[in-house]
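If you're matching positions, the sequence shown starts at 6 in the working numbering and goes up one per residue. Even glycine gets a Cβ: it sits at the ideal position worked out from N, Cα and C.
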Amino acid sequence: MTTHMVSPVFAGRGGELAALGEALARARAGAAATVLVGGEAGVGKTRLVHEFEQRADGVLVLVGGCLELGTDGLPFAPFSAVLRGLVRGRGRDGVTALVPGGHTRGLARLLPEFGEPDKDGPEARARLFEQMLGLLERLAEDQPTVLVIEDAHWADRSTRDLLSFLVRYQRSDARLLILVTYRSDELHRTHPLRPLLAELGRVGWVSRLELRRLTRREVVAQATGILDREPSAADIELIYERSEGNPLFVEVLMGETGGDTLPESLRDLLLAKVERLPEETQELLRVASAGGQRIEHALLTAVSGLDDGALSQALRPAVAGNVLVVDGEGYAFRHALIREALHDDLLPGEHTRLHTRFAEAIERHPSLLPEPRGAIELAHHWHAAHDATSALVSAWKAAAAARRSAAYGEQLRMLSRVLELWGQVPDAAARIGCAHVDVLGQAATVAHLAGEFERGIALAGAAMAEADPDTDPIRAARLLRRRGAIRYSLGRFGYLDDLRQAAALMADSGPLKLRAQVLENLARVLHDPDVWHERIATAQRAIELARQAGEPAVEANALIALTWGLCQRFSRIDEELGAFAEVRRLALAAGDPNALMGSAISESDVLEGAGRHERAARVAREGIAEAERQGLVRTSGTFLAINLAEPLVSLGRWDEALEVIDRALDHVPPPPTQASLQGFATDIALARGQLDRAEELHESARRILSRGAFRAQNLLPHACREVALLVARGRVDEAREAAERTLREHDFMVSARYSWPALVAFAQLGEPLLPELWPPARRLGVEGDLQRAQWLTFTALTWPAAAAGAGPGAPLALAAGPLQAVPLQAVPLDVGDGVHAGPRSGVEAPGPGPGDVAAGRLMAWDEAAAAWAALRQPYSEARALAAAAHAALALGDRQQAADRLARSRELADRLGAAPLVAELDGTARRARIVAGGGPGTDGAPEAVPDAPPLGLTAREREVLRLVADGRSNREIAGELFIAVKTVSVHVSNILAKLGAASRGEAAATAHRLHLFDSDA
């Protein structure tokens, strides 16, 4: 009679296989897909995945499993296994060629074959994650790819973080399916996998699949497959009753003889299979159980004391009996439950002795296991052997190994173990060469890197309690610097005090590098105008110290803080911008991608603040390209997308801005970045009258901004959008209430850059609110062309009160004269002698009669429109011209009104600003002005602009030009900074408009019609 260890019949999983097949079909079609496969131990998760793999033709399957060490997992274990398999199959150079940019120093943290890892620090982990995702996406471009992560219930913190990153940030059009298996019965209330599963469950392309137990009929099918015959009814009754439909238990029960002598417990059931093996094999299995779910042959040889031949001979019955399976260069237990049963069955003395043998073997032969696995397994075994001294020393070394892998969660766990064991080892400091207070400080630093900010603050506080600033100011300064940085990240009060105290402790002494770092950190967080001089002086001193110390990376970051601060004087920005080139030189010399990204972010930010929109967009684009080369596109790259979208919105290139926003949101950036990007999309939706879309985007941003502490640059634009939405819905009273609330809750003196747009937005609400707007308007300075345009707009909106003065204090002026940083009251307006016109007109307005007020208002709006035109901001120009047309009508000058209406409508129509177009048409109708001409029928007809060639939009022409150059969709996306999916839509539209059947035919049409000859 034939009996199989495992049923060749895969019973009862047709529906689950179909679900996985559907997910793979979505991935094949270019839609991201992830399936979380849960189920109790032994229910058949691994078998399901294996059967799915056998049926997935034409697919690259990558498998990695999480490895258990006691209650903890090995950092990045499944991803190291995936990389090892790829290198084995394609060679190191083959894998390197697939990594974006060809830089694999991030992956070197997972696999030594890729050389020396790059520098430690916050960016190291981001680069590792980016490179891993980039590699998977490149593989998926060649063929559909399935990534299988098994036993996620054992995943360590770093593995969970990387898995979350891959699932959430994979491209929406990548042909990548991610399968994750986990034991649902292991997930107790505080299990760390539970929040990750909940988080991933909210991602649109993630589905969950829970494996149920088998039905009686399915158990019969499984048992029949094992026996090659149908069991008797009595056997089935007993097996089904005892197994309760768990496939693993069915297999084990079917291997037992004598249905009436089945073991009483699950442990006995699993051990019974082992006890039928030869004694020497059982002993080896007990030894192996202390090594974990998977163990290398060489390590087991060293621990057992047997040579290769003897070990193989002793283990062969275990492999034949399906207790062990061969796994690469080692062995794995057929099921983790078997290993757990064996390990739990060890006597206390055996437990200690076996873990000691493993620890000693790893110490004698460190090359048996790769780093950081070797160091972390060593720490695990000494801890399990209850040797406090060896456990403390090995945990200290394991923490260093984890840091080299950017596994900050595991590093923190090892440092926490050192702190836990400290009291048990009398000479702990001497053993590891580090004082207790410094271990606390290092743990605080690592907690910050691991994102455990609250714990970091607590650890830093504990360290501060042991540090004496009087006797050891350097140590105290390090701790204060760390706590200040963590508090700043959390938006907690006290960060400025910490950093100032740290700087004071090291004012005249201490390591130059640390002094420079403290001052650079302090300069970076000094944002408010009242500490501007302190920021500049602090950054300058940090630069001096960094140069003396020979630390170009610190110098670069300090120079960013200095230059950004100096450039806030937007009228003098040209004198300072050259410093960003020096920042880039220093950053490249130091190999510091953080400074490179910081330079691009800060330079594009100040350029936009100064109204240099084209240049700001160019710098931001270059920064995004650099982020892609550095493997930081989903962190720094998406942040730079904010700095690209903002000038594009200003320039009226709204469709292009939306493409940039969509592409960045496809990467699922951090929530604050999402909120900023959604804010600009809200602005466009509002201007185009897409109110439902605007409300949806605004609400999404509101949820994010309500969960943290944010600055004026986030909160004031958000408040303006709320007011605009309420006005658009006709709820003007609520809009005024929202504006009044914002005026009460925010300090408008903190940032003129964000306060002026808010004052302009609120001034449009009319008379009841104006008295509350004048005080901040009088005190705010006007810096640069952009703020001058906003100030002129505010002046026009509040005319004639702006000219005549309102309440105590000097009145507002119409024009500031030369662009310089001056408060408005420094340019008073003498109403009694006539209104001084702005510098553009060079004439005096008439005296203060009713007609004079209307004339003044017209001049005010003309000044504002001219300022916006000079900045190339078409929407703001169009709105100012519309207001100027109303002022002209009030004067009775219908010809001037017609001219302004025509230009305004031209701009609004080009932008697709439907509400403004409707408003302009309504004004023209009421004034009996023919669109594009003067009053009545006497106005000259509006010139008809040249029609776009073949009906192509400007963006479609750009795409067609690149198609004609032979570029692929991916290359076009990279060139234009848009999503591949967006390029595909453009290409489809182009083919339809040209009547072309293919890209080649479209390219031929473009060449035949000489569409791009003028571009050559």
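Among Leu72, Thr195 and Leu67, which residue has its Cα nearest to the Cα of Met137?
For Met137, the nearest C-alpha among the options comes from Leu67.
Within 6 Å: the Cβ of Glu963 and any heavy atom of the ligand PLP?
Within the structure as shown, the ligand PLP is missing, as the structure has no ligands at all.
Would Gly230 pass as a contact of Pro80 if the rule is Cβ separation under 7 Å?
Contact flag unset, no.
Quick one: what does DSSP say Gly106 is sitting in, helix, strand or coil?
Three-state result, Gly106: helix.
Would you mind reading off the limits of the beta strand (DSSP E) that contains Arg460?
No beta strand (DSSP E) holds Arg460; the alpha helix (DSSP H) holding it covers Phe458 to Glu471.
With a 10 Å radius around its C-beta and 16 neighbouring C-beta atoms as the bar for buried, classify Ser655 as buried or exposed.
The Cβ neighbour count for Ser655, taken over all protein chains shown within 10 Å, is at least 16; the residue is labelled buried.
Strictly by DSSP, which residues pair up with Val185?
Beta-bridge pairing links Val185 to Leu41 and Ile154.
Please state whether DSSP places Val330 in a helix, a strand or coil.
Correct three-state label for Val330: strand.
Express the C-alpha separation of Ala38 and Leu29 in angstroms, rounding to a whole number.
For Leu29 and Ala38, the distance between alpha carbons rounds to 8 Å.
Determine contact between the segment 184-192 and the segment 102-109, defined as no fewer than three beta-carbon pairs at a distance below 8 Å.
Remark: fewer than three beta-carbon pairs, one from each stretch, lie closer than 8 Å, so the segment 184-192 and the segment 102-109 are not flagged as touching.
Pull up the distance between the alpha-carbon of Ala690 and that of Ala1011, whole angstroms please.
Straight-line measurement puts the Cα of Ala1011 at about 33 Å from the Cα of Ala690.
Tell me which residues share the same chain as Ala380 and place their Cβ nearer than 6 Å to its Cβ, disregarding the 5 neighbours each side in the sequence.
Here the set comprises Lys402, Ala403 and Ala406.
Buried or exposed by the 16-neighbour rule on C-beta atoms within 10 Å, applied to Thr747
Buried is the call here.
Whole-angstrom distance between Ser881 and Ala948, CA atom to CA atom:
Note that Ala948 has pLDDT 35, beneath the 50 cutoff, so the model's placement of it is unreliable and no number is given.
Nonlocal neighbours in the same chain, by C-beta distance under 8 Å from Leu352, ignoring five residues either side:
Taken in chain order, the list of residues that qualify is empty.
For Pro598, which residues from the same chain have a beta carbon less than 6 Å from its beta carbon, with the 5 sequence-adjacent residues on both sides left out?
Answer for Pro598: Glu128 and Gln635, listed in chain order.
DSSP beta-bridge partners of Ser212
Ser212 pairs with Val40.
Going residue by residue through the segment 585-609, where are the continuous alpha helix (DSSP H) segments of at least 4 residues, counting only ones entirely within it?
The segment 585-609 contains no whole alpha helix (DSSP H) run of 4 or more residues.
Rounded to whole angstroms, what is the Cα-Cα separation between Phe644 and Arg132?
Going from the Cα of Phe644 to the Cα of Arg132 covers about 15 Å.
Would you kindly work out how many angstroms separate the C-alpha atoms of Asp533 and Phe753, rounded to a whole number?
Computed Cα separation, rounded: 11 Å.
Which two residues bound the contiguous beta strand (DSSP E) that contains Gly335?
Element bounds for Gly335: Gly335 to Phe338.
Using 7 Å as the threshold, is the C-beta distance between Ala902 and Leu894 below it?
Ala902 places its beta carbon less than 7 Å from that of Leu894.
Work out the CA separation of Leu896 and Gly941 for me, nearest whole Å.
Low per-residue confidence applies at Gly941: pLDDT is 48, beneath 50, and the placement is therefore not dependable, though the value from the model is reported in the following sentence. Straight-line Cα distance between these residues: approximately 17 Å.
Once you ignore the five residues that flank Pro557 on each side, which residues in its own chain have a CB closer than 6 Å to its CB?
The answer, listed in chain order, is Leu591, Ala594 and Ala595.
Please specify which runs of the beta strand (DSSP E), each continuous and at least 3 residues long, are wholly inside the segment 249-326, giving them in chain order.
Uninterrupted beta strand (DSSP E) stretches at least 3 residues long and entirely within the segment 249-326 occur at 299-301, given in chain order.
What first and last residue would you give for the beta strand (DSSP E) that runs through Val68?
For Val68, the enclosing beta strand (DSSP E) begins and ends at Leu65 to Gly70.
What did DSSP end up calling Arg18 once you bin it into helix, strand or coil?
Residue state, collapsed to three classes: coil.
What separation, rounded to the nearest whole angstrom, lies between the Cα atoms of Ser607 and Thr361?
Between the alpha carbons of Ser607 and Thr361 lies a gap of roughly 55 Å.
From Ala528 to Ala699, what does the alpha carbon distance come to, in whole angstroms?
One C-alpha to the other measures close to 37 Å.
Using the Cα positions of Arg18 and Gln227, report the straight-line distance between them to the nearest angstrom.
Straight-line Cα distance between these residues: approximately 11 Å.
In its own chain, which residues sit with a C-beta less than 7 Å from the C-beta of Arg378, not counting the 5 before and 5 after it?
Around Arg378: Leu79.
Would you tell me roughly how many angstroms separate the C-alpha atoms of Val451 and Ala757, rounded to the nearest one?
CA-CA distance, Val451 to Ala757, rounds to 37 Å.
So, is Glu223 buried or exposed, given that buried needs 16 or more other C-beta atoms within 10 angstroms?
Buried is the label assigned to Glu223, since at least 16 other Cβ atoms lie within 10 Å of its Cβ.
Look at Leu464 and Ala472 and say whether their C-beta atoms are less than 7 Å apart.
Judged by their CB atoms, Leu464 and Ala472 are not nearer to each other than the 7 Å cut-off.
May I have the straight-line CA-CA distance separating Ala621 from Asn974, to the nearest angstrom?
About 26 Å.
From the DSSP secondary-structure annotation, give me the bridge partner or partners of Ile381.
Note: Ile381 sits in no beta bridge, so no partner.
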